[in-house]
Amino acid sequence: MNDLELQKVAKLIQSANHVAVLTGAGISAESGMATFRDPLTGMWAHFRPEDLATPDAFRRNPAVVWNWYMQRRQSAIKALPNPGHRVLAWLETKVPRLSLITQNVDNLHQSAGSSNVVELHGSIHRFKCFENHHAIPIELADASPEEPPQCPSCKSLARPDVVWFGEMLPELAMNRAIGSAQTADLFLVIGTSGVVQPAASLGITAKRNGSKVVVINPDPNAAMAGEIFLQGPSGVVLPRLAEAAWGVDQSFF
Ligand code: OAD
Numbered sequence: 003m004n005d006l007e008l009q010k011v012a013k014l015i016q017s018a019n020h021v022a023v024l025t026g027a028g029i030s031a032e033s034g035m036a037t038f039r040d041p042l043t044g045m046w047a048h049f050r051p052e053d054l055a056t057p058d059a060f061r062r063n064p065a066v067v068w069n070w071y072m073q074r075r076q077s078a079i080k081a082l083p084n085p086g087h088r089v090l091a092w093l094e095t096k097v098p099r100l101s102l103i104t105q106n107v108d109n110l111h112q113s114a115g116s117s118n119v120v121e122l123h124g125s126i127h128r129f130k131c132f133e134n135h136h137a138i139p140i141e142l143a144d145a146s147p148e149e150p151p152q153c154p155s156c157k158s159l160a161r162p163d164v165v166w167f168g169e170m171l172p173e174l175a176m177n178r179a180i181g182s183a184q185t186a187d188l189f190l191v192i193g194t195s196g197v198v199q200p201a202a203s204l205g206i207t208a209k210r211n212g213s214k215v216v217v218i219n220p221d222p223n224a225a226m227a228g229e230i231f232l233q234g235p236s237g238v239v240l241p242r243l244a245e246a247a248w249g250v251d252q253s254f255f
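Right, dumping it as structure tokens:
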């Protein structure tokens, strides 16, 4: 990572009134959670999204889809937030306004202490029924790890409250995310390949509205033309940024 760029971002973050952050699977990689598109370890390197993450896949084989999500829920429960998550939670106490938007469904930002997290793709720790979207009690879901239980109200099958391909994003979350992108003066894009819409457009919205955009990612291909790029894992880059901006020792995180 280029030290000059790091210093530049440190100055931007110190002087920002509203910092908005978009995170993706990469921020949870150092907590042991698989990303989607890593060519070797990514989930979509081993499974086809159309077999596991669409309404049609659930209609065809509800038990397979259910079981896959229940296993991912167990991995997320065992995972601990890493320094990247912890810096973002701490940042709430340092900048006048922080908006945290995530595509992740693992709850690790909340475990690290972030409040008001905008979950664009839902949560793997909530359940609803397939037909009518009635909330399903978590105990009912956990009692049936192999097959989706029936909704107590309408008998439709339970499903995770996540966004599948082909589904709309939750309107409130999307509106909050767009509002933050429009009003932020600094927009951080962390650990996302930026290929899934509409989340991928938020950085562009921010830029059009006059925000500086900073990309944090170990993959040099993630650099966006014209944006500031801090190359490296977020669990390393974010503590270094906190140190550069506020002098706090990296080991604090
Ligand atoms: P991806 O798997 O597409 O991208 C993960 C990004 O994280 C890549 O750019 C990696 O280079 C980067 N990365 C890996 N390790 C990292 C680390 N230690 N620190 C920082 N970055 C790191 O995941 P997303 O962009 O989150 O949607 O994927 C977006 C959506 O596609 C997901 O929410 C999911 C998926 O299909 C749905 O299921 C609807």
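Per this note's numbering: the sequence shown = residues 3 to 255. Glycine included, C-beta positions come from ideal geometry on N, C-alpha and C.
Comparing C-alpha distances from ALA201 to each of ASN177, PRO83, LEU6 shows the shortest one belongs to ASN177. Positions of the alpha helix (DSSP H) runs, each at least 4 residues long and wholly inside the region 3 to 39, are given as 5 to 17 in order along the chain.
Among the bridge pairs identified by DSSP, GLN152 is matched with LEU159.
Under the three-state reduction of DSSP output, GLU121 falls in the strand class. Remark: C-beta atoms of ALA246 and LEU8 approach each other more closely than 8 Å. When the alpha-carbon of VAL107 is set against those of GLN252, ILE79, TRP92, the nearest one is in ILE79.
Nearest Cα to GLU149 within the set HIS127, PHE60, ALA18, GLY26: PHE60. Excluding its 5 nearest sequence neighbours in each direction, THR43 has C-beta neighbours in its own chain below 6 Å: ALA36, listed in chain order.
For ASP221, the shortest separation between its Cβ and any heavy atom of the ligand OAD lies below 7 Å.
Per the coordinates, the alpha-carbon of GLY234 lies some 27 Å from the alpha-carbon of ILE126. The beta-carbon distance between ALA81 and LEU122, rounded to whole angstroms, is 20 Å. This is too long to meet the 8 Å contact definition. By a beta-carbon distance limit of 8 Å, PRO241 contacts PRO85. Their separation comes to about 5 Å.
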